[in-house]
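Heads up: the sequence shown begins at 1 in full-length UniProt numbering, then just goes up one per residue.
Just so it is clear, CB atoms sit at the ideal spot from N, CA and C, and this is done for glycine as well.
Computed from a predicted model, the values in this text were never measured in an experiment.
Everything on this sheet refers to the single structure shown next.
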Amino acid sequence: MTSTETPQDAGDQDAPARWERRGHVGVITLNRPRAMNAVNAALAAAAGDALAAAAADDEVRVVVITGAGRGFCAGADLKEVARGHRIDDRDHPERGFAGLVRQWIGKPTIAAVNGFALGGGTEIVLSCDLAVIDETASLGLPEVTRGLVAGAGGLIRLSRQIPQKVALEAVLTGEPIDAARAYELGLVNRIAAAGTALEVALGVADVIARNAPLSVQHSKRVVHRSRDEGSDWEDPAWALSDEAMAIVFASRDAREGPTAFAEKRAPRWEGR
């Protein structure tokens, strides 16, 4: 995004999660900065609705998730939990923690980890396709230190994204993982200079958004789904790839891409 572009659909600036569209990039901002964006029921509902809106908006090709203030997300609002209050969206419990971690969308998602992101904050990061982390931020799953478990996907996803022994050390000790170690392990794609995580994430998002939307979405789907289909020499995994090829190669964009290349111009994607 260039500095001259104007965010659209910014909505209520005081809402517990804000949604805006910047060109072809949707930005969801968790917006409880005084509570380090800890998740309560209102935030879960607002963030979940924002992600659903991004999925339904044909102009949006990539979604960036970040936090307001100096934190990304401090996880569950334990004060609400201690009071016996629900912290999920009771209208959409299927969306999972923060309305995000179990809500699949076909468009790529990027976590812009601008600060503190332990517990549920890390689980949001793990649910995203890509991640950019501020050099001063840390990830981690400290639930065992509070008599809890990382039940918002941390125990499932961490061991799928890094070696099992490293994942077990993280979840059994509850110790944080700093930005450099997170990058070394492949938990994040980029380390950003202090205060620039959102800017760097938007830059990555812009690169993705310039590509053919249908191609990007089906590529994401095959990468995620094929891991459950066994060997890459067996038919089930190839069936997913073949299905994606059949859809994408029959699209208008598949004709537009080579045509634009031959005519030495930028492609005009239709997403169909």
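| message | Under DSSP, the beta strand (DSSP E) around L141 begins and ends at which residues? | response | From DSSP, L141 is part of no beta strand (DSSP E); its letter is neither H nor E.
| task | Rank E184, G186 and A201 by C-alpha distance to the C-alpha of A192 and give the top, closest one. | result | That would be A201, whose Cα lies nearest to the Cα of A192.
| If we ignore side chains and look at the alpha-carbon of each, how far apart do A54 and Q164 end up? | When only Cα atoms are considered, A54 and Q164 end up about 33 Å apart.
| query | Looking only at C-alpha atoms, which of E143, W269, I156 and A137 sits nearest to I127? | reply | Before going on, a small fix: residue 127 reads as Ser here, not Ile. The residue with the shortest Cα to Cα distance from S127 is I156.
| request: Could you work out which residue in K79, P108, I162 and V81 is closest to A216 when comparing CA atoms only? | output: Looking at the sequence shown, residue 216 is not Ala but Val. Looking at the Cα atoms, P108 is the closest of the given residues.
| For F72, the three-state DSSP class (helix, strand or coil) | If DSSP states are grouped into helix, strand and coil, F72 belongs with coil.
| field | Euclidean distance between Cα positions of M245 and E263 | value | Their Cα atoms are separated by approximately 24 Å.
| Span separating the alpha-carbon of E5 from that of P236 | Residue placement at E5 cannot be trusted, given a pLDDT of 42 that sits under 50; what the coordinates show is reported in the next sentence. Spanning the alpha carbons of E5 and P236 requires a straight line of approximately 44 Å.
| said: Closest to R22 by C-alpha separation, out of R32, V62, A45 and A56, would be which residue? | reply: Nearest to R22 by C-alpha distance, out of R32, V62, A45 and A56, is V62.
| message | Tell me which residues share the same chain as A186 and place their Cβ nearer than 8 Å to its Cβ, disregarding the 5 neighbours each side in the sequence. | response | The sequence shown places Gly at residue 186, rather than the Ala named in the question. The residues are Q161 and I162.
| Measuring CA to CA, which of D58, G271 and W19 is closest to L51? | Looking at the Cα atoms, W19 is the closest of the given residues.
| message | Taking the straight line between their C-alpha atoms, what separation do you get for G195 and G140? | response | Within the model, the alpha-carbon separation for G195 versus G140 is close to 20 Å.
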